[in-house]
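Numbering (this note's numbering), first residue to last: 21 to 935.
Glycine residues also receive a C-beta, built at the ideal position from the N, C-alpha and C atoms.
Remember, it's a predicted structure, so these values are computed and weren't measured experimentally.
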Amino acid sequence: MAIVGLGGLGKTTLAQLVFNDEKVCQHFRKRIWVCVSDEFDGKRLTRSIIESITGSECNLKDMHSLQRILREQLRGERFLLVLDDVWNEDHEKWDRLRALLSGCATRGSKVIVTTRSARVASIMGTVSPHLLNGLSDQDCWVLFEKRAFGFGGAVKTPNLVAIGKDIVSKCAGLPLAAKALGSLMRFRRGEREWVAVKDNEIWRLPEHENQILPSLRLSYNHLPSRLKPCFAYCSIFPKNYVVRKETLVQLWMAEGFLIHDYNSFETEDIGNGYVDELLERSLFQNGDEDTDGVVRQVKMHDLVHDLAHSVAGEEGSVADEASGYAFREGCRYLSFVYDRPISESKPLPFLNEANKLRSFYFIAEGNMKYLQQNGAQVFRLDAEGGMLEADNNKEKASKPAELSDILSSLKLLRALHLNRYPLIREIPVLIGKMKHLRYLDLSSTIIEVVPPCVGLLHNLQTLNLSCCRGLRMLPDSIGQLSNLLTLDLEGCSSLQSLPGSIGCLKNLRKLDLSLSQYVQALPASLSRLSNLQDLRLRHCYSMRDLPVKMKDMKSLIHLDITSCVELTCIPAGIGQLSSLRTLPIFIVGGKTNCSLKELGSLSIEGQLYIKHLENVTNPHEAKEANLKEKQGLRSLRLSWDKNVYRAPGQSSDDNLSDDEEFGSYVIDFLLLHNMVPEADLVDDVLENLQPDTNISELEIEGYVGKKFPTWMMDLSLLPNLVDLTLDSCIRCETLPPLGQLPHLKVLRLRLLCAIRCIDSSFYGGHAAFPVLEELMISMMFMLQEWSGTSEGELFPSLTKLTLGSCPLLRELPSNFPSVKHLNMNMEDELLLSNLQEGAFPNLKHLHVGEFDEDSIPEVISLLMESVESYSVESKPRPQDDDPLAMSSLCFAKYPVYAAGAFAQEEGMKEDELPD
């Protein structure tokens, strides 16, 4: 079936609504979505269908192999396939694909095609197409009105409404046009301006074959002059291409498109403002969210891309091998789309003719994980574009002389983007003569050395060497890049240190060393970078020390030291960095004797993990941290080393075997009251660490106080809490009334050794835990009673339960009818008996620890047959070759779930699992 309509009419949106409909999801075992766009290539399309089914990259090149894999994937399955944005008018190409799909389709399988062409629909459809008509003027008016007169927009007067309805009548029923014009008019406040838009002569221009509507062209004409070149520049990106906002701003900056005003905004901030304006005017769309939930990418609707291509004229082009590298003679901004292996030693010879070029942007289409060329040479890339491995066949990479031939004619080049370009091993010396170069991206290539001549690029603003896994060092000449704003070294896993000359980069705003696993310390000269705003050291696992004089880096806003597990201390005086907003880890004490009160003057946002709170000797110091006033804080983790409080003669948990560690937890309970006197201070310390009410995630670990603080007992002080973990709070005998937290979705209770009873005080009243979805109760060795509540349903939203190592617990408070995921140990007699009595009637996913395949209880065997997925973790057992050595076995019906189950069992989150 085909959905036919003009670009921007909502064909894809309609297909998405069908694709994601609950009944459709239940009816079709497999749902496949492929964006086809301009080229209907059989191999590429078959490969894309396989990738959509499997969720992983397919590297097969042979059509026969691709067809065989596709038949295997679809055989016996009822599937729904959506081919979005099809332009193909070649009968034979479609007939070949249709024959392939028909040969493996089960009765009831369906194919939906979206296209702008009725001819395409007649070729591909077997039933009458669904002709998507435009919206009514009233519906278009609703879209227009929301944009034009929304909050902060134009004042809604009768005259403006009348003029606006005249404007809407010219939108041809296209929702995209209505939204774009509404966004345009929200910035026009006077009637004269609205009349000028309504009466503009451009409405009477004929439509082009590419369906560029007068409404969108008008939106472009009414862009501020500063935004027009930025918009036109985006014509170099192919349709459906998603570009990171940061990259786009850096490219605009390299071309000199970002105009400073007199409010002294940073250039990058101006560029981000431009992106936001184009988003507001519906000329950009937001891309997908990153893993942290933040959208950092933008894209263009196909129709808007046609508009950008039109207004760019001959200055912007997209070239690929299929088009014969064709581009216009006056081209200044050019992208090259790489969609097949490059086998030539000089793969870009056409660039020798591009002597007017100012930007060259290489694109590895489809964010491919594997780039394979020249026989055995393989580059493996992760989802973020990072190179994971490369073979040793490096002689096939480009020699500097070959790249020099390409660059020799590009004397006016300002931006060179060669991310994932597979044939670069060395940077040619000639690059030092490219005096106009402001943007250089060689990320995810196999370069090992940056030559000293790079220091001659005095105009360079952006240098991106991220994911160059073989890069071993930077030259001292890097310090000569006086205009450098961004230096990206993320994922340079062979890099061991930075040169001392890094401190000469006086204009540097951003330095990213994340995932540089061998870097142990930063040069002292780094503290001279008084303009540095963003220092990223995420997952620098060997990083032990930060510059002692970091307090001199007055412009620093983001110091991201997430997962710097070897970091031993925080530089003293960090509290003087008044602009600092990101500081995910704070270590109390250490060799710098950094005091907790350093946090007091900082407006930390996002997450904060305070380690080694045992070094706080005065509770007033905790109060001076002023956590209660940090309104931007969302995630807080407070951690003590409880071993410090053990009385002399007691053993530490450190360096214990698993069995010894388990025993130490029991000892923790038996010796609860045999602790050094300093343990009694901890209650007041935690009391003074009360966070702001905006906190949504809280973890307390190793707390040896006897009671939880008053701000946890009065839950009106934690109204937004969503995720709570209480771990190793070994002396607390009662739990707070957590059931009254209105938004709590995840609760983990682990190693609360003094808790004997979970009763009505835990629920706090009626309608307890209204939205709780995940609950873990683990290693609570003295827990004997867990009672329910007579006031309403217990845990009405609970879907995941982890329960284990509670040997004294006699009874469960419910049969948990809503639970679909259960993590348990096989020897848990309480759970086994409850399962036999019909508990967990709607269970779908099961994880069993301490699994012994020689003595599987019958109820477990029956569950394994009935649930949708299960995973098990076996007991350690002697290995055949060494009876003293132990091994364990993990296997699963569905391994993906198994990983999540193991994470829950250990109290970890899935994104914290080791690779």
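Between the CA atoms of residue j and residue i - distance to the nearest angstrom
i           : j           : result
residue 42  : residue 169 : 35 Å
residue 77  : residue 71  : 6 Å
residue 301 : residue 652 : 29 Å
residue 83  : residue 124 : 16 Å
residue 251 : residue 531 : 28 Å
residue 243 : residue 298 : 9 Å
residue 24  : residue 457 : 45 Å
residue 38  : residue 45  : 9 Å
residue 48  : residue 87  : 21 Å
residue 648 : residue 473 : 52 Å
residue 800 : residue 308 : 41 Å
residue 12  : residue 843 : Since the displayed the chain opens at 21 and closes at 935, residue 12 lies outside it and no answer follows.
residue 159 : residue 179 : 20 Å
residue 105 : residue 574 : 51 Å
residue 587 : residue 564 : 4 Å
residue 213 : residue 205 : 9 Å
residue 643 : residue 209 : 51 Å
residue 762 : residue 731 : 16 Å
residue 721 : residue 769 : 11 Å
residue 828 : residue 267 : 58 Å
residue 605 : residue 750 : 24 Å
Residue nearest to residue i in terms of C-alpha spacing, selected from the options
i           : options               : result
residue 265 : 704, 838, 550 and 294 : 294
residue 109 : 61, 66 and 561        : 61
residue 151 : 135, 727 and 160      : 135
residue 6   : 327, 612 and 161      : It is not possible to answer for residue 6, since the shown part of the chain is limited to 21 through 935.
residue 379 : 848, 491 and 429      : 429
residue 519 : 470, 377, 145 and 34  : 470
residue 33  : 196, 114 and 800      : 196
residue 128 : 21, 67 and 191        : 21
residue 217 : 131, 498, 246 and 186 : 186
residue 517 : 303, 497, 31 and 542  : 542
residue 278 : 863, 698, 316 and 246 : 246
residue 758 : 748, 776, 773 and 735 : 735
Reduced DSSP secondary structure (H/G/I, E/B, other) of residue i
i           : result
residue 454 : coil
residue 466 : coil
residue 294 : helix
residue 563 : coil
residue 57  : strand
residue 629 : strand
residue 648 : helix
residue 329 : helix
residue 506 : strand
residue 435 : strand
residue 593 : coil
residue 553 : coil
residue 880 : helix
residue 663 : helix
Any non-hydrogen atom of the ligand SAH closer than 6 Å to residue i Cβ
i           : result
residue 644 : Looking for the ligand SAH in the displayed structure turns up nothing, as the structure carries no ligands at all.
6 Å CB neighbourhood of residue i in its chain, flanking five on each side removed
i           : result
residue 704 : 639
residue 883 : 866
residue 94  : 124
residue 435 : 271, 274, 379 and 459
residue 304 : 298 and 318
residue 258 : 338 and 357
Residues near residue i in its chain [Cβ-Cβ closer than 8 Å; skip 5 each side]
i           : result
residue 714 : 651, 652, 653, 654 and 740
residue 792 : 764, 765, 766, 767, 815, 817 and 818
residue 52  : 69, 72, 73, 99, 100, 101 and 102
residue 808 : 814, 833 and 834
Own chain partners of residue i with C-beta closer than 7 Å, once the 5 adjacent residues on each side are dropped
i           : result
residue 353 : 253, 256, 335, 336, 378 and 379
residue 97  : 49, 50 and 126
residue 203 : 167, 300, 301 and 302
residue 332 : 252 and 255
residue 358 : 382, 383, 384 and 385
Fill in: 3-residue-minimum beta strand (DSSP E) runs that sit fully inside the segment 690 to 764, ordered along the chain
Scanning the segment 690 to 764 for uninterrupted beta strand (DSSP E) segments of 3 residues or longer gives 717 to 721 and 743 to 747, listed from N- to C-terminal end.
Worksheet item: At what residue ranges does the segment 769 to 846 contain a whole run of the alpha helix (DSSP H), taking only runs of 4 or more?
Response: DSSP assignment within the segment 769 to 846 yields the following whole alpha helix (DSSP H) runs of 4 residues or more, N-terminal first: 780 to 783.
Worksheet item: Going along the chain, which unbroken runs of the alpha helix (DSSP H) with 4 or more residues stay wholly within the segment 57 to 130?
Response: If we require 4 residues or more, the alpha helix (DSSP H) runs fully inside the segment 57 to 130 come out as 62 to 74, 83 to 94 and 111 to 124.
Worksheet item: Considering only residues of the segment 484 to 542, which uninterrupted beta strand (DSSP E) runs meet the minimum length of 3 residues and lie entirely inside it, listed in chain order?
Response: Fully enclosed beta strand (DSSP E) runs of 3 or longer: 506 to 508 and 530 to 532.
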